[in-house]
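Here this note's numbering is used: the sequence shown runs in plain steps of one and ends on residue 1103. Every residue, glycine too, gets a C-beta built ideally from N, C-alpha and C. To start, the structure itself, in structure tokens.
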Amino acid sequence: MRSIIPGSTGSYRFTLLAGAAAFALAAPTTALAQDVDTEEEDQAGSEDQGLIIVTASKRETTLQETPIAVSVTSGQTLEDAQIRDVLDLQTVTPSLRVSQLQTASASTFIIRGFGNGDNNFGIEPSVGVFVDGVFRSRSAGALSDLPNVQRIEVLNGPQSTLFGKNASAGVISVVTRPPQFDFGGSLEVSYGNYNALVVKGDVTGPIGENVAFSLDGSYNRRDGFGEIVNLGEDINDRNRWSVRGQLLIEPTPDLSIRAIADYSKIDEVCCTVGNLVNGPTGPGILAVGGQIPTDFFSREVFLNFVPENEVDNYGGSVQVDWASGPISVTSITSYRELQNSFLTDIDFTSADIATETRAQDLKTFTQELRIASDFDGPFNFLLGGFFFDESIEQESAIQNGSQIRNFFEILAGEDPVAVLTGQPTLFNGLEASFGFPQESIFNTPLLTDERYSMDNQAISVFGTLDFEPVDGLVFTAGFNYTDDKKDFALSQTSFDPLAQVNFVDAFITQATALNPGLPTVTTRDQFQALPAAVQAGLIAAATDPAQNPLLPLAGFQFQPPFLDIPNAVEDGQTRDDKFTYLLRAAYQVSNEVNVYFSYATGFKASSVNLSRDSRPLNTDFLEGPGASTFAAPDSPIINAGLAVPNLVSGSRFAGPEEAEVYEVGLKAQWPGFGFNLAVFDQTIEGFQSFAFTGTGFALRNAGQQSVQGFELDTTIVPTDGLVLTFAATHLDPLFDSFPGSVLGDLTGLRPAGIPSWAIATSATYTHEWDSGTQLVTRVDFNHESNEDINNGLPTFNAGLGNTLIFRREVNLLNASATLKLNNGLEVGVWGRNLTDDEYITTVFDSVAQAGSVSGYPNAPRTYGGVVRFKF
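Here you go:
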């Protein structure tokens, strides 16, 4: 099925799915409990089969007694389902969505419909990603393959109380296996279609009586899912590797030191962008000899060069755990660097229109310290602090292509033959009129050259207090105070001469020069000195296309002059602090059933628009009609004499996000049957919305966005060896207030891109022979209901009155079978998206091609075999 436009197929398929899964609809548990293997249970200190230890509350507790909506995916599930990285994790976690966009390093994590942070390093994600307790501040630093994972916990809803940075929508916590004092390891080789080769290995063992080590690594290579037809090259390939070493030192029974160092590398060609609507600009692309994709799901594209994307991600951490009686202390210190660079054909055609380059460098230091109690009495506490220090440097540019001038001349209405044969054209006339050098418009080597930087320091103090007046009844109060400081600087040079002219002001200058009764106006002060009636008359004429023929050319002023920051008005700083808190009551009804109610608030500090579309806030500057500086009202920037031609207000940064959630949960576990349910009402005020407009990005705060829903997860073991799971998330979101979106007032509308239903169900059967050999067969299915991909596109849908909205529905069937011999050798086969389901991951206004729409197709069917040896 190709889910592109509205239809009834999604509802019908969901009805069938619900019927097929009704056997498991007994209830919800936000954890895939059955998948924890015996080795992991031993490591967690559990002797009970099926008991899962999690650290969602910053303590080791069983999943059953943890009063948080948390989904747990074990390392065994990741292994059986051939889940390589967090992009695939969403297929087993219905509350989580992950999307990969322009580059291999641009991904967004979304929990319960909330998430942001892709494609702009100034915007920190609302979903915090932690690996072994260390915060990965950008998605590019969390995308490496996942070797040697013990479990992944997905914490749904605001987690700001215990997690010191950006957890206003949720947390993804990756927990890897520590070194072992028994020698062992594994080696795995997998091969599949598209020449997919994955090699993984690890070894662990003792160095001495009190020191153990582990070393693991992975290599992942695959041909591309798509093809750059005109170049004969693949796109959407895999080419990444990673290595990690660990030391575990336990000098005394009470002291443990775990040191980790890792390095990962991505060097890939990404991503496949197809054409969904070939708008009125299409003939211009064809006229200059370019080609445009015609079959979206063929994954055949046309580019004028092969894109590049490299990510170097490395760092280390030291965790110290010390326990003395009922008191334990934990310290986690980390330092990480992330280097991300890419070269992209941003028009996504084979015409040589424009290229973007970007190089980003992040350096991050974190320190967490916490102390916790384990008293026999009714009171227990956890108290901690978190320090975060990060610096970002970015250099980027847009290069003019060799055909960009001809393309824009044709779009301006010039005869293609005249343009391509070098005859004088509109741009030549403009160059003569404004005194520009001939052939200078859109013929400079660079359209823009940019330098951005940001320093961020944050300090958090957090804690919880548990009070258990009677056995089984626990009241919890938690708090977090965060102080966040950002200092940023942005500098840009816009080279195109056409963008330096404001057509309204230019018309006024020419009109006054030709009128002997008026002084020639060349500055704002001269214009403001004219009588009000004269000003009004000049503005009316200058903004009338019938009198000012230059106005239609404003669409070609993509990158006007940039007002650098800091400046005399804008200090380039954000200063945020917030106290958030948690109140919760949990009651163990019986040995099998726990219930809880919680109210929590969350916080994420301001985000900065580190891009060429950073523009002053409207409190600092308001432009006049047609971006006129002459007619602009008084403002701090105008009065300071800082305004540059075609400056408009926009967003330098977005203010903080403030979240709150009411949640009621039920967790139950009987022999052979487990059931969890969470019902919630969640709101985020000031949600940081980041939207692509066709030539740039707009960062805005939504007034308020809310979602109501529930999450359920059921595990059934009807007979020995057979485990059935059913997990579902239902979401009903609403823009309670969003008057200032790039699409206009969205207040009262449903936020798009959030499926009403997301379902993950699986069946795993283990047949064991007397010899100990096992055959493990697994089938899982992931469904997302048919929903609008977004609320419209700023350029495409604005021209249509939001009458055509693209949709998507997801139905992914995955399966695997593994024969596990008792000598440690395992042989298996696997397949993902076996029905080759096709859907759009997201859409956007085609770059500088008004009326055209581009999008990203999903990954096709993949399959292969695996050989694994454990010792």
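Let me make sure I understand the geometry here. Which of the options has the alpha-carbon closest to that of residue i?
i	options	result
residue 930	528, 672, 972, 1067	972
residue 908	675, 948, 339	948
residue 1103	514, 1041, 1056	1056
residue 1005	980, 1050, 1038, 802	1050
residue 646	658, 742, 597, 904	658
residue 938	915, 953, 694, 924	915
residue 904	933, 951, 886	951
residue 482	639, 712, 555, 728	555
residue 300	866, 1003, 816, 541	816
residue 595	588, 570, 587	570
residue 731	704, 679, 684	679
residue 784	492, 736, 639	736
Can you name the start and end residues of the alpha helix (DSSP H) that residue i belongs to?
i	result
residue 703	Element bounds for residue 703: n/a, residue is neither H nor E.
residue 659	658-666
residue 870	868-871
residue 759	756-760
residue 773	764-774
Could you give the distance in angstroms between the alpha-carbon of residue i and the alpha-carbon of residue j?
i	j	result
residue 890	residue 428	43 Å
residue 649	residue 862	39 Å
residue 207	residue 1063	Nothing in the structure corresponds to residue 207, since the chain is present only between 233 and 1103.
residue 412	residue 436	6 Å
residue 709	residue 394	12 Å
residue 864	residue 1029	29 Å
residue 742	residue 766	15 Å
residue 1044	residue 1017	12 Å
residue 738	residue 847	22 Å
residue 1073	residue 780	42 Å
residue 975	residue 313	40 Å
residue 1084	residue 580	12 Å
residue 829	residue 607	24 Å
residue 497	residue 426	21 Å
residue 751	residue 761	10 Å
residue 623	residue 933	24 Å
residue 813	residue 917	16 Å
residue 778	residue 523	35 Å
Where does residue i land, buried or exposed, given buried means 16+ other C-beta within 10 angstroms?
i	result
residue 651	buried
residue 806	buried
residue 667	exposed
residue 859	buried
residue 702	exposed
residue 838	buried
residue 237	Residue confidence for residue 237 is low, a pLDDT of 36 falling below 50, so the modelled location carries little weight; the figure read from the coordinates is stated next. So residue 237 counts as exposed.
residue 989	buried
residue 823	exposed
residue 723	exposed
residue 1024	buried
residue 757	exposed
residue 684	buried
residue 381	buried
residue 843	buried
Could you check what DSSP says for residue i in three-state terms: helix, strand or coil?
i	result
residue 1095	strand
residue 651	helix
residue 736	helix
residue 324	coil
residue 632	strand
residue 1104	The requested residue 1104 does not occur in the structure, where the chain is confined to residues 233 to 1103.
residue 641	helix
residue 965	strand
residue 781	coil
residue 559	strand
residue 1029	helix
residue 312	helix
Could you tell me whether any Cβ in chain D is nearer than 7 Å to the Cβ of residue i?
i	result
residue 339	Among the chains in the structure shown there is no chain D, since it carries only a single protein chain.
Please report the residue range of the beta strand (DSSP E) in which residue i lies.
i	result
residue 544	540-556
residue 435	428-438
residue 483	470-484
residue 601	586-605
residue 1066	Element bounds for residue 1066: n/a, residue is neither H nor E.
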